[in-house]
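Keeping their order, the protein sequence lines are chains A and B. In terms of our numbering, the first sequence has 606 at position 33, counting the first letter as 1, and numbering is strictly consecutive. In terms of our numbering, the second sequence has 673 at position 100, counting the first letter as 1, and numbering is strictly consecutive. All C-beta atoms in this analysis are idealised placements derived from N, C-alpha and C, irrespective of residue type, glycine included. Here the structure is a predicted model, which means the values were calculated and not measured.
Number of protein chains: 2
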Amino acid sequence: MQWLTASELESWLSLVRLLMWLPWSIDQQLRRDSKLRIVEYQVLAKLSESPGRTMRMSALAEVTNASLSRLSHVVERLERRGFVRRAADRTDGRYTKATLTDEGFETLAAAAPGHVRHIRSLVIDVLSPEQLRRLGRDAARITARIDTSGAG
Amino acid sequence: MQWLTASELESWLSLVRLLMWLPWSIDQQLRRDSKLRIVEYQVLAKLSESPGRTMRMSALAEVTNASLSRLSHVVERLERRGFVRRAADRTDGRYTKATLTDEGFETLAAAAPGHVRHIRSLVIDVLSPEQLRRLGRDAARITARIDTSGAG
DNA sequence: CATTCAAGCTTGAAATGTCAAGTGAACGGT
DNA sequence: ACCGTTCACTTGACATTTCAAGCTTGAATG
Chain A
574 MQWLTASELE SWLSLVRLLM WLPWSIDQQL RRDSKLRIVE YQVLAKLSES PGRTMRMSAL
634 AEVTNASLSR LSHVVERLER RGFVRRAADR TDGRYTKATL TDEGFETLAA AAPGHVRHIR
694 SLVIDVLSPE QLRRLGRDAA RITARIDTSG AG
Chain B
574 MQWLTASELE SWLSLVRLLM WLPWSIDQQL RRDSKLRIVE YQVLAKLSES PGRTMRMSAL
634 AEVTNASLSR LSHVVERLER RGFVRRAADR TDGRYTKATL TDEGFETLAA AAPGHVRHIR
694 SLVIDVLSPE QLRRLGRDAA RITARIDTSG AG
């Protein structure tokens with residue numbers, strides 16, 4: 574087997590630290606300022622961008638990288654908080670459509686600026702436009718190699 | 574407030590996908606092939622690199638990005654599996670020292686090659702040495718901005 | 001039609017993570 | 001020596017996630 578060189582190892586460990594701490598930091602900020610966890614924010618955000626502020630559960634699960642089961646629990650909690658409503662699809666009863674309520678939208682709207690400010694100060698403003706573009710490209714290159722078929 | 578430009582947003586979303594899927598993929602591989610979760614692997618790995626295969630709980634918590642409480646639970650489970658032993662420090666009874674057992678070391682040794690192969694195929698071999706170095710530098714730049722004082 | 005079958009989601013229990021409070025050991029002042 | 005504090009964990013309660021069924025709806029087959 575081929576081990577890692579010193580340089581590879583160093584870069585990899587830097588990346589690991591990023592993978593560990595950046596989501597943690599984002600989560601802290603959202604919870605502190607908006608009583609939302611990352612998944613919840615993502616659910617609200619993705620719904621808000623969709624036509625009719627509505628999405629099928631399975632589609633929502635995919636874009637938020639949550640298993641259907643996990644999403645089901647998350648949405649149930651968001652529903653109890655009044656941020657989301659669920660209803661069976663008229664045309665195909667197997668589908669469940671989740672809709673963002675006005676209250677959910679307001680919560681998202683209140684949370685977004687602080688969230689954006691936070692990622693701007695941690696990521697966007699720390700790198701040059703060129704560096705950021707490259708980072709995005711490299712990230713995309715890696716995720717393209719990941720087999721996500723077993724998710725859900 | 575300052576929103577994100579289209580280009581910034583695109584790069585950011587790429588990074589978000591990386592933050593979501595890469596840890597997920599690593600976790601899958603470790604669980605499937607070695608019955609270990611990421612945290613557990615990290616604990617075993619860090620212990621194995623330490624003199625006497627021993628570390629204080631707080632030091633271990635820091636390098637694994639786990640709260641002391643979480644680490645305490647994790648190590649308890651590893652202890653039940655026979656991979657780790659705990660003992661109070663002789664010189665200062667407040668410290669708890671965790672030690673990797675032979676069985677724990679063997680488990681780690683069995684898990685490491687597959688893990689390294691996996692990250693090599695997903696990350697290391699996908700980027701040129703130069704790209705990897707830059708990725709590591711950018712990651713370090715970002716983590717340097719994160720205030721980790723509230724962790725633990 | 002009735003009968004499987006799969007898809008899309010939900011559910012409940014077990015595993016895991018987080019939070020707040022508790023424990024005991026060392027330290028610093030008196 | 002005594003008192004209060006801080007440090008390093010641990011613990012138990014609670015929240016969340018995962019895992020393994022289970023349910024309901026529509027499609028496919030006979």
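Residues that DSSP places opposite residue i in a beta bridge
{"i": "A:M630", "result": "Answer is none; A:M630 lacks a bridge partner."}
{"i": "B:R658", "result": "B:T672"}
Residue i at chain A interface by Cβ criterion, 9 Å
{"i": "B:D600", "result": "no"}
{"i": "B:V647", "result": "no"}
{"i": "B:Y721", "result": "According to the sequence displayed, residue 721 of chain B carries Thr and not Tyr. Answer yes: the Cβ-Cβ gap between B:T721 and chain A drops below 9 Å somewhere."}
{"i": "B:R610", "result": "no"}
{"i": "B:L586", "result": "yes"}
{"i": "B:T672", "result": "no"}
{"i": "B:T716", "result": "yes"}
{"i": "B:R590", "result": "yes"}
Bounding residues of the alpha helix (DSSP H) (the contiguous stretch that carries residue i)
{"i": "A:K727", "result": "Here chain A covers residues 574 to 725 and nothing more, so residue 727 of chain A does not appear."}
{"i": "B:T716", "result": "P702 to R718"}
{"i": "A:A579", "result": "A579 to S607"}
{"i": "B:S645", "result": "L641 to R653"}
7 Å CB neighbourhood of residue i in its chain, flanking five on each side removed
{"i": "B:Q615", "result": "T637"}
{"i": "A:W585", "result": "L577"}
{"i": "A:S598", "result": "L695"}
{"i": "B:P596", "result": "I611"}
{"i": "B:L681", "result": "L617, A618 and S621"}
{"i": "A:L700", "result": "L708"}
{"i": "A:L705", "result": "I697"}
Chain B within 9 Å of residue i, Cβ atoms only
{"i": "A:L603", "result": "no"}
{"i": "A:A632", "result": "no"}
{"i": "A:E583", "result": "yes"}
{"i": "A:T680", "result": "no"}
{"i": "A:A713", "result": "yes"}
{"i": "A:V616", "result": "no"}
{"i": "A:L641", "result": "no"}
{"i": "A:M593", "result": "yes"}
{"i": "A:S623", "result": "no"}
{"i": "A:L620", "result": "no"}
{"i": "A:S580", "result": "yes"}
{"i": "A:L564", "result": "Nothing about residue 564 of chain A can be reported from this structure: the residues present for chain A run from 574 to 725 only."}
{"i": "A:R626", "result": "no"}
Same chain, Cβ closer than 8 Å to residue i, neighbours up to 5 away in sequence not counted
{"i": "B:V657", "result": "V616, L617, L620, V648, L651, A671, T672, L673, T674 and G677"}
{"i": "B:D662", "result": "R629, Y668, T669 and K670"}
{"i": "A:T627", "result": "L620, K670, A671, T672 and L673"}
{"i": "B:S645", "result": "M630"}
{"i": "A:R604", "result": "R610"}
{"i": "A:R590", "result": "none"}
{"i": "B:G655", "result": "T674, E676 and G677"}
{"i": "A:G625", "result": "T672"}
{"i": "A:A660", "result": "T669, K670 and T672"}
6 Å CB neighbourhood of residue i in its chain, flanking five on each side removed
{"i": "A:D606", "result": "G687"}
{"i": "A:R690", "result": "none"}
heavy atom of the ligand SAM below 8 Å from residue i C-beta
{"i": "B:A634", "result": "Ligands displayed in this structure: none; no statement on the ligand SAM is therefore possible."}
Problem set entry | chain A contacts made by the segment 684-714 of chain B, where a contact means CB separation under 8 Å | P686, V689, R690, I692, R693, S694, L695, V696, I697, V699, L700, P702, Q704, L705, R706, R707, L708, G709, R710, D711, A712, A713 and R714
Exercise. What are the residues of the segment 651-664 of chain B that lie near chain A, defined by any Cβ-Cβ distance shorter than 8 Å?
Worked result: none
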